[in-house]
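A.B. asks:
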């Protein structure tokens, strides 16, 4: 049957009599095989009021307008004379601005007045005239739909058209890369309401236009009129599908898939006879040697015959029950409900699908919960509505994708302090540890991230994760995981290493070497997190020795020198803890660690300055380092930090100056460089730790006779006396020692005693 005859049948405008309308367009597809006569019957039925048509360049070729991709005649094959660097440049806005002549020439050739609408365009107009058409979505810019009599509001031009062209001038800005808003409105409002979907003359290769097919209801029949089969078969739905091989305005070959129970007629392209073969042996993707059949069902080929046109028609026998169709319908319903739940952010519905949906439903719902969990209120709501248990269950026994998405959701949910406790209490640690051990790469990454979140600032989880065997797989992941896996595992070990026993266990189980290696050659994030783990591990005295012995000092020094801000901060913090060890104090200086630490105090972030000052504080316990730090220019940035740093920066810089002031030359240099005033100010109004360290620094500086006088002259006696009276124990002790040293100057002694403090 010619397609034009089918179109005529719909509206009784040809020699054929109209076919009796079925009771329901949807039920018609399920009641009998879908062919062109059945499509005509559906269109003619009273229930069919929302036909949606997707059209491409093939609808206009009979008017003389070339399509894009047909070999030999397509537009892209005939642009050589245009002098283009590549065919697609004809539609490139940047190329147009540089050289508008090729596009102007093409517009002149394609101008709507040069062409008349085709029978296809007139058929679309008839659909509208008879109240059947909901919308035409076109990829064409020729405006022939409107020329044929369609109202402009019934046409959505995905790529614009001549009716809506813009002038691009030097002062004009137009959104050239965005689809019109009406396209997205139609995708949301028109496609889901389609009684019938007609796809005509398009390769369905350009997104997002091609994706519109998936927006139509699964129950809606679809008619594809094209020179070749296109689109993804698994998106074609339950309502029946017919492929007509030919141009839109020429004869077609009938092929169809029935949806009734019993034997099916299937179509395969250039396939030899395969009697007795299950059609599931063939791919469901379009192309040669592939077969079209309803998803989730099983058919056996029982006969075949040559249908001509390079086709072999095969007769098949269903070998499974109709339950497969019902299962697919259930999946379709689930997909629609999930779409709504995702769009509405319905936490309860998403939790329901994680708990009892299909595998695909669980995967998608868990991913949606993961996205929603970024919001702090949603973290509470998901837990309150019972979302933790099904997510934990999905990590335990879901598909790979389900486990990945569920672990990712738990990682974000565990940012909430109450959720950290609840996830562990509900048995979430074991499956996450198991996933780190034997999951997919993505599963390991997400599970390690979840353990990191769970261990962060939760002492109970730090113990439990180690007790349940979580250290070994995390260490293994740092050693040989993906970049993201290494990063998350190092972050988890960092949090776990806040526990004293874990510091020992991580080292004992071989965790130091891979962390050092990650600091050496990991990603920026990997270096940052591995250095952070070494910060906590270096709290342990044995680990201080082991990290240095295993080559950890050099990469940490290198990271202070040239890492990211966070990398510098963590590396300086690690060196600060390592410098508690006397041998490490020497080694860090010998290996060139002083200069980058001094530079970080001078121009790092606030946290970087704090950590670097802390490292210099510990390094300055060593007498040689006291000299070296001063010689390398360390005094000035430390004094500046006492004057205008953060509270923590002031505290640590004052501590560093305290140790540096043990050296006699440094006592003079610190005073000369203006260090007395900020130290006195810190004793007066700093934090408790700041007052303690500043008083300690003044105590050491007061060993110098000139400084005794200068400290008193600059107003240092009064805040020291006040600190003796009302400071912390350490503050009182340091202030008392400073006053005793200052009182060795007679004038100072008198002034101190007049203030009511007896030496």
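Numbering (my numbering), first residue to last: 1162 to 1920.
Ideal placement from N, C-alpha and C gives every residue a C-beta, glycine not left out.
1. Taking residue 1637 as the reference, give the member of 1541, 1672, 1665, 1524 with the closest Cα.
2. Out of 1684, 1679, 1702, 1639, state which residue places its alpha-carbon closest to the alpha-carbon of residue 1664.
3. Using only the alpha-carbon positions, how far apart do residue 1515 and residue 1555 sit?
4. Taking all protein chains shown into account, do 16 or more other C-beta atoms lie within 10 angstroms of the C-beta of residue 1283, making it buried, or fewer, making it exposed?
5. Quick check on residue 1534: does DSSP put it in helix, strand or coil?
6. Cα separation between residue 1576 and residue 1549?
7. Nearest by alpha-carbon distance to residue 1207: which of 1533, 1532, 1356, 1799 is it?
8. Assign residue 1685 to one of two classes, buried (16 or more other C-beta atoms within 10 Å of its C-beta) or exposed (fewer than that).
9. For the beta strand (DSSP E) containing residue 1105, name the first residue and the last one.
10. Starting from residue 1214, follow the beta strand (DSSP E) in both directions and report where the run begins and ends.
11. Looking at the structure shown, is residue 1904 part of a helix, part of a strand, or coil, going by DSSP?
12. Verify whether the separation of the beta carbon atoms of residue 1791 and residue 1733 is less than 8 Å.
13. Please classify residue 1905 as buried or exposed, where buried requires at least 16 neighbouring CB atoms within 10 angstroms.
14. Looking only at its own chain, which residues have a Cβ that is under 7 Å from the Cβ of residue 1649, when we skip the five neighbours before and after it?
15. Where residue 1911 and residue 1691 are concerned, what is the direct C-alpha to C-alpha distance, given to the nearest angstrom?
16. Output the boundary residues of the alpha helix (DSSP H) element that contains residue 1844.
17. Taking residue 1586 as the reference, which of 1661, 1736, 1246, 1622 has the closest Cα?
18. Please list the terminal residues of the continuous alpha helix (DSSP H) segment that includes residue 1590.
19. Closer than 7 Å by C-beta to residue 1968: which residues in its own chain qualify, once you throw out the five before and the five after it? Chain order, please.
20. Indicate the three-state DSSP secondary structure (helix, strand or coil) for residue 1317 in the structure shown.
21. Can you name, in chain order, every residue of its own chain whose Cβ lies under 7 Å from the Cβ of residue 1939, other than the five neighbours on each side?
22. If you follow the alpha helix (DSSP H) that residue 1307 is in, where does it begin and where does it stop?
23. Return the chain-ordered list of same chain residues with a C-beta closer than 8 Å to the C-beta of residue 1126, the five sequence neighbours on each side being excluded.
24. Which first and last residues belong to the alpha helix (DSSP H) in which residue 1720 is found?
25. Within its chain, find whatever has a CB closer than 8 Å to the CB of residue 1915; leave out the 5 residues flanking it on each side and keep chain order.
26. When the Cα atoms are used, what is the spatial distance from residue 1891 to residue 1853?
27. Which value, in whole angstroms, describes the spacing of the CA atoms of residue 1344 and residue 1306?
28. Any idea which residues DSSP pairs residue 1360 with across the strands?
29. Just mark residue 1281 as buried or exposed, buried being the case when its beta carbon has 16 or more other beta carbons within 10 Å.
30. Whose CA, out of 1724, 1735, 1700, 1727, lies closest to the CA of residue 1714?
31. Alpha helix (DSSP H) containing residue 1926: first to last residue?
32. Only counting runs of 4 or more residues, tell me where the alpha helix (DSSP H) segments fall wholly within the segment 1805-1882, in order along the chain.
33. Consult DSSP for residue 1893 and reduce its assignment to one of helix, strand or coil.
34. Indicate whether residue 1728 and residue 1688 have their beta-carbon atoms separated by less than 8 Å.
35. Return the CA-CA distance between residue 1595 and residue 1679, expressed in angstroms with no decimal places.
36. Identify which residue in 1749, 1804, 1761, 1741 has its Cα closest to the Cα of residue 1721.
C.D. replies: With the given structure in hand:
1. Just measuring C-alpha positions, the residue of 1541, 1672, 1665, 1524 sitting nearest residue 1637 is 1672.
2. The shortest Cα separation from residue 1664 among 1684, 1679, 1702, 1639 belongs to 1702.
3. Cα to Cα, residue 1515 sits roughly 7 Å from residue 1555.
4. So residue 1283 ends up on the buried side.
5. Note: residue 1534 maps to coil in three-state DSSP.
6. If I take the Cα positions, the gap works out to 13 Å.
7. Minimum Cα-Cα distance from residue 1207 among the listed residues 1533, 1532, 1356, 1799 corresponds to 1356.
8. The residue is exposed, with fewer than 16 neighbouring Cβ atoms inside 10 Å.
9. The structure shown has nothing for residue 1105, since the chain only spans 1162 to 1920.
10. For residue 1214, the uninterrupted beta strand (DSSP E) segment begins and ends at 1212-1216.
11. Residue state, collapsed to three classes: coil.
12. For residue 1791 and residue 1733, no; Cβs fall outside 8 Å.
13. The residue in question, residue 1905, is exposed, as its Cβ has fewer than 16 Cβ neighbours within 10 Å.
14. Correct list, in chain order: 1606, 1609, 1610, 1613.
15. Taking the straight line from one Cα to the other gives about 56 Å.
16. Per DSSP, residue 1844 belongs to the alpha helix (DSSP H) from 1837-1846.
17. The candidate whose alpha carbon is nearest that of residue 1586 is 1622.
18. From DSSP, the alpha helix (DSSP H) with residue 1590 extends over 1590-1599.
19. One cannot answer for residue 1968 here, as it falls past the ends of the chain, which runs 1162 to 1920.
20. DSSP places residue 1317 in the strand class (E or B) of the three-state scheme.
21. The question about residue 1939 has no answer here: the residues shown for the chain are numbered 1162 through 1920.
22. Residues 1305-1308.
23. Residue 1126 is absent from the model: the chain starts at 1162 and stops at 1920.
24. That run of the alpha helix (DSSP H) goes 1714-1723.
25. Answer for residue 1915: no residue qualifies.
26. C-alpha separation (whole angstroms): 6 Å.
27. Just so you know, the alpha carbons of residue 1344 and residue 1306 end up roughly 16 Å apart.
28. As a beta-bridge residue in DSSP terms, residue 1360 pairs with 1215, 1385.
29. Of the other Cβ atoms in all chains shown, 16 or more fall within 10 Å of the Cβ of residue 1281; this residue is therefore buried.
30. Checked all of 1724, 1735, 1700, 1727; the closest Cα to residue 1714 is 1735.
31. Because the chain here runs from 1162 to 1920, residue 1926 falls outside it and cannot be looked at.
32. Within the segment 1805-1882, the complete alpha helix (DSSP H) runs of at least 4 residues are 1808-1821, 1825-1833, 1837-1846, 1849-1862, 1866-1874.
33. Assigned with DSSP and collapsed to three states, residue 1893 falls in helix.
34. Yes, the pair counts as a contact, with Cβ atoms nearer than the cut-off.
35. Residue 1679 has its alpha-carbon roughly 23 Å from the corresponding atom of residue 1595.
36. Nearest C-alpha to residue 1721: 1761.
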